[in-house]
Each structure stands twice: as structure tokens, then as C-alpha cells.
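The numbering of the sequence shown is our numbering, which starts it at 184 and goes up by one. All C-beta atoms, glycine included, are put in the ideal place defined by N, C-alpha and C. Okay, so here's the structure we're looking at.
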Amino acid sequence: MRSILIGAVESTKIALEVMIDKGIKPIIVTLPLSHSYRHSDYVDLRPYADKWGLGLLETTNINSDEMINEIKKYHPDYIFVIGWSQIIKKELLNIPKRGVIGYHPAPLPRNRGRGVIPWTILLGEKESGSTLFWIDEGIDSGDILIQQKFFVDEDETARTLYDKHIKVLRSMMPKALELLKCDNPPRVPQDHSKATYCAKRTPEDGFINWVWSAKTVWTLIRAVTKPYPGAFTYYKNKKIIIWDASCIDDSVYIGLPGQIQKISKEGIIVTCGDGKCLFLKEMEIEDETEIELTKAFKIHDKFGITFLDVYRNILEIEKEK
């Protein structure tokens, strides 16, 4: 099976390992290290290419004329797109003899699009799934080759959900490769009437509004924690990234949204907009390697940015003119 593997993230590495285990040595097309910022979960595939003696091409645009011409030289049977965010255009779709196979960490047709793992948690989905499908000219709309669903836990985080998808991909990929050896591999059409679309997310979407309920803030923290950029707030003009937290059901503390109620070595208790509290268990101050909570923060101070903060900053700017 002459194959091209396009991708630059952890799922790409998993797919590559399975392909090697099955005796398939694909040509790798990946992002250069200089563009690793495009993916929070970027994986440098060059060491793996060297280890297994694989051809490797680097590009920032899979649909460029130069890359199309390079891929054509290999006359692939299949192209696998696993961990690449660009839409694959028709010219590339027409290159392989048998088709282009994509991977999506969602139970298609639900949750097509971008940022699917955070959105799954933010939407409170009870079920998710991984899908290998035949890429067409639409957005994650092609026929399904193989799909495996699983339950989403109530306290699921981006990391735990990501790991579930990786585990499922590792189990699905050998089955998919066997199916693709057949004369007529499965092509199950999606029910497009049930399709939903997730919009692209940016690091700025992790901003915490402490007026939200404790559960809403907790959900955001879980949704964008590692391997993603993290939920964040501000304290005395410093960016604070919160990686882990939990809800406190019966809080004895009364305060304003974002107000610090208790500080210990284990974490910080903060009031949210519904009067309930969060216990912040893991956090960091941007650009600082260590954080000593009892020294970095003060009880009854507030996290976040208020209109008063903005007004004071404007006055300071005016004074400097």
C-alpha cells in the first residue's frame, strides 16, 4: 500500500506507529518546526522519519502547487490526513488511486469543524467518538470508513478526552488498514441533516469572566487545559493561567465575582457570579517558572479585569502624554 501521511500532531504519530507495525512505510508530509505554534499538540516527526528511514516533506500549505507536484511523484494508493487543519482541495483529492482518508475526533456527522475536543466539553456532550472517513470537498462530510463511540465523563478534561481519542485511534487504525486492502472498503454516508459545526477557537477564548457561574468557569477550565493554552484571568496586570480546579458545593464564603476567599499551599478559593466558589488547584503566572500562592496573592483581592481597572489605565496613559 503506497501511502502518504499528512499531519503534525500526536494523532499523526499514533497513526504512523500503527502503519509501521503493519509493514506500511508512508511518505510523511508535516509542518516545519518553525511553525509548531499552529498546534498546541504539535509533534516533531523528523526523528521518527529518521528512525524508520521514511521520506519526509515539510510544508505550511498542503494545497500549494509545489506540494501537489511533489506528492504526485509518489503515485500513492492512499493519502491519510491525520492531524492537519487545512481543507483538502480537489487537486490533492484526485492524486491517490484509491482515495484520501481523514481522521476526526468526533462522532460524525455531529461536531464537524475545528476545536472539537474543547467544544465537546463546553457543550456538555455525554458521548463522543473517533471517526476515520473518506475526505471529500466538504467539511468533514465524507462517507465513514470506521467509527468508534465512547462516553464522556462529567469531570472530563481536555487531556483525558484527548487521551481517550488517541486510545481509540490506536485501536481503530489497524482495522481501517485491513479494510482498505479490500476491493470495496466500507463507505457509509453521513446523515447530513444531523450535522453540527464547531467554530475555530483561539487562545483568547480561554478568558474567564468571573460573573459566570462556578460550573461554567469550571467547564471552561476543563475544556482548554493542557494540551491546549489554558483558561486564564488577570491579577495586578499579570496573566494567570488556571490548569485545574474543582467546584465547592457548600461554600461558607460570601463575596464578589472573582474575589479571593482563602489561600493555602494546596490552592485558592474564589467566588463566582452565582455565589458559589471554585477551588483553583493548579495555576501559573505567565513567564514565571514557580509560584508560591501565599506570597503571590492576597485574600479579598479580585481576579479579572473590571471597568474600574480599564478607567485607571486610561488615566495613567493620559498622564504620560
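Selection from I284, K445, I500 that minimises the alpha carbon distance to K485: Ranking the options by Cα distance to K485, first place goes to K445.
Exposed unless 16 or more other CB atoms sit within 10 angstroms - verdict on Y494: Y494 is classed as exposed because its beta carbon has fewer than 16 other beta carbons within 10 Å across all chains shown.
The segment 299 to 318 / the segment 236 to 251 touching (three or more Cβ pairs under 8 Å): Under the three-pair Cβ rule at 8 Å, the segment 299 to 318 does not count as touching the segment 236 to 251.
Same chain only: Cβ atoms within 7 Å of A479, ignoring 5 sequence neighbours per side: Only I468 meet the Cβ criterion.
As assigned by DSSP and simplified to three states, the class of F415: In the structure shown, F415 adopts extended strand secondary structure according to DSSP, grouped into three states.
Contacts around Y345, its chain only, beta-carbon distance under 7 Å, and the 5 residues preceding and following it disregarded: Excluding positions up to five away in sequence, the list reads I300, P410.
C-alpha gap between G413 and A359, whole angstroms: Cα to Cα, G413 sits roughly 34 Å from A359.
Whole-angstrom distance between Y418 and I401, CA atom to CA atom: The residue asked about is misnamed: residue 401 is Trp in this sequence, not Ile. About 18 Å.
Environment of Y220 [buried if 16+ CB atoms lie within 10 Å]: It counts as exposed.
At least 3 beta-carbon pairs within less than 8 Å: the segment 369 to 388 vs the segment 431 to 442: The answer is no - the segment 431 to 442 does not touch the segment 369 to 388, with fewer than three Cβ pairs under 8 Å.
For D492, the first and last residue of its enclosing alpha helix (DSSP H): It spans 490 to 503 - the alpha helix (DSSP H) in which D492 sits, taken as one unbroken run.
Contacts around K255, its chain only, beta-carbon distance under 8 Å, and the 5 residues preceding and following it disregarded: Within the same chain, Cβ atoms closer than 8 Å to the Cβ of K255 are found at I278, the five residues on either side in sequence being excluded.
Burial state of D338 (16 or more Cβ within 10 Å): When all chains shown are included, D338 counts as exposed.
Beta-carbon gap between I203 and S186 smaller than 9 Å: No; because the gap between Cβ atoms is not below 9 Å, this pair is not in contact.
For G282, three-class secondary structure by DSSP: The answer is strand: DSSP assigns G282 an E or B state.
Beta-bridge pairing of T213 - partner residues as DSSP gives them: DSSP lists E241 as partners of T213.
Nearest to G266 (by Cα), restricted to the options G282, Y286, E274: For G266, the nearest C-alpha among the options comes from Y286.
Beta-carbon proximity check, G450 vs K464, cutoff 9 Å: Contact flag set, yes.
Range covered by the alpha helix (DSSP H) that runs through Q471: In the sequence as displayed, the identity of residue 471 is Glu instead of Gln. No residue range can be given for E471, since it is assigned to no alpha helix (DSSP H) and is classified by DSSP as neither H nor E.
Separation of T408 from K205, as counted between CA atoms: Cα-Cα distance, rounded: 34 Å.
Simplified DSSP assignment, three categories, for R370: The answer is coil: DSSP assigns R370 none of H, G, I, E or B.
Cβ neighbours of V201 in the same chain (closer than 8 Å, five flanking residues each side left out): Closer than 8 Å at the Cβ level, and outside the excluded window around V201, lie R353, M356, P357, L360.
Within 9 Å, strictly: CB atoms of G190 and V264: With a cutoff of 9 Å on beta-carbon distance, G190 and V264 are scored as near each other.
N- and C-terminal bounds of the alpha helix (DSSP H) containing L276: From DSSP, the alpha helix (DSSP H) with L276 extends over 273 to 276.
Beta-carbon gap between N294 and Q269 smaller than 9 Å: Cβ distance not < 9 Å, so N294 and Q269 don't count as in contact.
Opening and closing residue of the alpha helix (DSSP H) in which K427 lies: Looking at the sequence provided, one finds Asp at residue 427 rather than Lys. Careful: D427 lies outside any alpha helix (DSSP H), inside the beta strand (DSSP E) at 421 to 431.
Beta-carbon proximity of V351 to G298, cut-off 9 Å: Cβ distance not < 9 Å, so V351 and G298 don't count as in contact.
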